[in-house]
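The next block holds one structure in the form of structure tokens; read it before the comments.
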Amino acid sequence: MRPDSISVIYDEKCRKSLSRYFDIIFNKKLAKFKLLKTFPADFQDMNNAEKWKMHNNLLKDFRDYVEDVDLGKIKPNKIVKSSLLDLKIELAKKILERCMFCMRACSVNRLKGETKYCGCDSNFLVSSMFDHYGEEPELVPSFTVFTMGCTMRCLHCQNWTISQWYEPGNLYELEKLAKQVDIARARGCRNLNMVGGDPTPYLYHWLEVSRKISENIATVWNSNSYYSYPSSQLLAEWADVYLLDFKYGNNDCAIKISDAPNYWEACTRNHLIAKEHGELIIRILVLPRHIECCFRPIVEWIVKNLGKDVRVNVMFQYTPHWRADEVPELRRRLNNDEMEQTVRIAKEVGLENFIT
Ligand code: SF4
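Residue numbers (the numbering used here): 236 to 591.
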């Protein structure tokens, strides 16, 4: 084990901001997907609009149920015939017919094999999966699954062979993956880390995988934050931890570097919803010469809207990959001045729970 993955257990700030997550690690509480399986939702014979209405209404009741189970006021129900997790899966499957999992809203029918921006059809295609020891200390060891395709085009992408389909990926059965997750938990992994590319195109598949998992394992939604409002609703009360990138402090930079219009609106909305419905770790990959235009507004927004105690990973490991040389300032790594300036700003705005 990495030593800081042990010492973080005694880090009060981290424990406070991710308290439910730590309880799941130590099996004192149940992962949300396990509780969702026990929460009834009788949605047969309803049309899609009625199902959404029921889903959104049930979220509040489910939160109360989780709280009561967590506090030991009630015992969890037995697994029910038709659950809120089943309802989420049903709604997600419908989205595959006219895809709008991410902000692109391509409207293609992926169930018929159509593809668009992300390149994903209805198959679950995996690049690799392994026990990751390089994530934030609280996540390590993290059973990490890298799926193919992405909803953004970051010119400096370090996973570009995966995100941009320079490799074909391996078709994976969801049942088999769920078994791998169970085995990973049994050997001591703290969580299931869903990443890519970006996991968003596979939201339906991930919900389905969680239905098949037996062990109690925390789910970590590791995303670029560029997912749609419907996706944010399906993630609500399902993801235990949102591990969200906050990439840009304005839309001009998001468009120039990642071809992501309306990134700011999507990203801020999804962070707010994440805070409301789960626990949150924010990743900010600091880019050269994007301190004042991006880093500063990001951390200012975080402190103002999410609080100074939210867990933030300020990442200095930027390295030019893929097509980074197309953007002049991205042709080099960060220099010492930029790193110092970044830490100064983080302290200045009042962030109290950040790591570098
Ligand atoms: S996930 Fe996003 S990019 Fe991919 S098909 Fe759906 S809407 Fe388009």
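Just so it is clear, CB atoms sit at the ideal spot from N, CA and C, and this is done for glycine as well.
Closer than 8 Å: residue i CB and nearest ligand 1 heavy atom
i, result
"Tyr464", "no"
"Gly384", "yes"
"Lys351", "yes"
"Val380", "no"
"Pro436", "yes"
"Cys334", "yes"
"Arg388", "no"
"Val343", "yes"
"Ala340", "yes"
"Cys392", "no"
"Cys424", "no"
"Cys528", "no"
"Cys355", "yes"
"Cys249", "no"
"Cys488", "no"
Where residue i falls: helix, strand or coil (DSSP)
i, result
"Thr454", "strand"
"Glu402", "coil"
"Asp417", "helix"
"Asp544", "coil"
"Asp433", "coil"
"Arg518", "strand"
"Ser377", "strand"
"Met364", "strand"
"Ser463", "coil"
"Thr577", "helix"
"Ser252", "helix"
"Ile241", "helix"
"Pro275", "strand"
"Cys337", "strand"
"Ile314", "coil"
"Ile324", "helix"
"Ile309", "coil"
"Ile590", "strand"
"Leu265", "coil"
"Thr382", "strand"
"Val476", "strand"
"Met550", "strand"
"Asn428", "strand"
"Pro523", "coil"
"Trp595", "Residue 595 is absent from the structure shown; the chain starts at 236 and stops at 591."
Residue i Cβ short of 8 Å to ligand 3 heavy atom set
i, result
"Ala501", "Only ligand 1 can be found as ligands here, which leaves ligand 3 out of the picture."
Residue i, buried or exposed, once every other Cβ within 10 Å from all chains shown has been counted against 16
i, result
"Thr554", "exposed"
"Pro523", "buried"
"Glu370", "buried"
"Ala421", "exposed"
"Ala471", "buried"
"Tyr498", "buried"
"Met236", "exposed"
"Ile309", "exposed"
"Asp207", "Any property of residue 207 remains undetermined from this structure, which presents the chain solely from 236 to 591."
"Glu410", "exposed"
"Phe257", "buried"
"Pro376", "buried"
"Lys482", "buried"
"Glu564", "exposed"
"His462", "Correcting the residue identity first, residue 462 is Tyr in this sequence and not His. Answer is buried; the Cβ neighbour count reaches 16."
"Ser241", "The sequence given here has Ile at residue 241, not Ser. Label assigned to Ile241: exposed."
"Ser363", "exposed"
"Glu373", "buried"
"Ser466", "buried"
"Asp572", "exposed"
9 Å Cβ cutoff, residue i in contact with chain D
i, result
"Gln552", "In summary, chain D is missing from the structure at hand, where a single protein chain is found."
Take every Cβ of the segment 340–356, pair it with every Cβ of the segment 476–493, and state whether three or more of those distances are shorter than 8 Å. no
Check whether the segment 382–397 touches the segment 430–439, taking contact to mean three or more Cβ pairs, one atom from each stretch, closer than 8 Å. Of all C-beta pairs linking the segment 382–397 to the segment 430–439, three or more are shorter than 8 Å, placing the two stretches in contact.
Please specify which runs of the alpha helix (DSSP H), each continuous and at least 4 residues long, are wholly inside the segment 482–511, giving them in chain order. 486–493
Examine the Cβ distances between the segment 470–481 and the segment 332–348 and report whether three or more of them are shorter than 8 Å. The segment 470–481 is not in contact with the segment 332–348.
Decide if the segment 268–279 is in contact with the segment 296–308; the criterion is three or more beta carbon pairs, one per stretch, under 8 Å apart. Taking 8 Å as the limit for Cβ pairs, the verdict is that the segment 296–308 does touch the segment 268–279.
With a threshold of 8 Å, are at least 3 pairs of Cβ atoms found where one atom belongs to the segment 536–556 and the other to the segment 281–289? no
Within the chosen definition, does the segment 401–421 reach the segment 444–452 through at least 3 CB pairs nearer than 8 Å? yes
Is the segment 567–582 touching the segment 529–539 in the sense that three or more CB pairs, one from each, lie closer than 8 Å? yes
At a cut of 8 Å, does the segment 310–320 reach the segment 359–370 through at least three beta carbon pairs? no
Check whether the segment 439–446 and the segment 392–404 touch, using three or more Cβ-Cβ pairs below 8 Å as the test. Touching, no.
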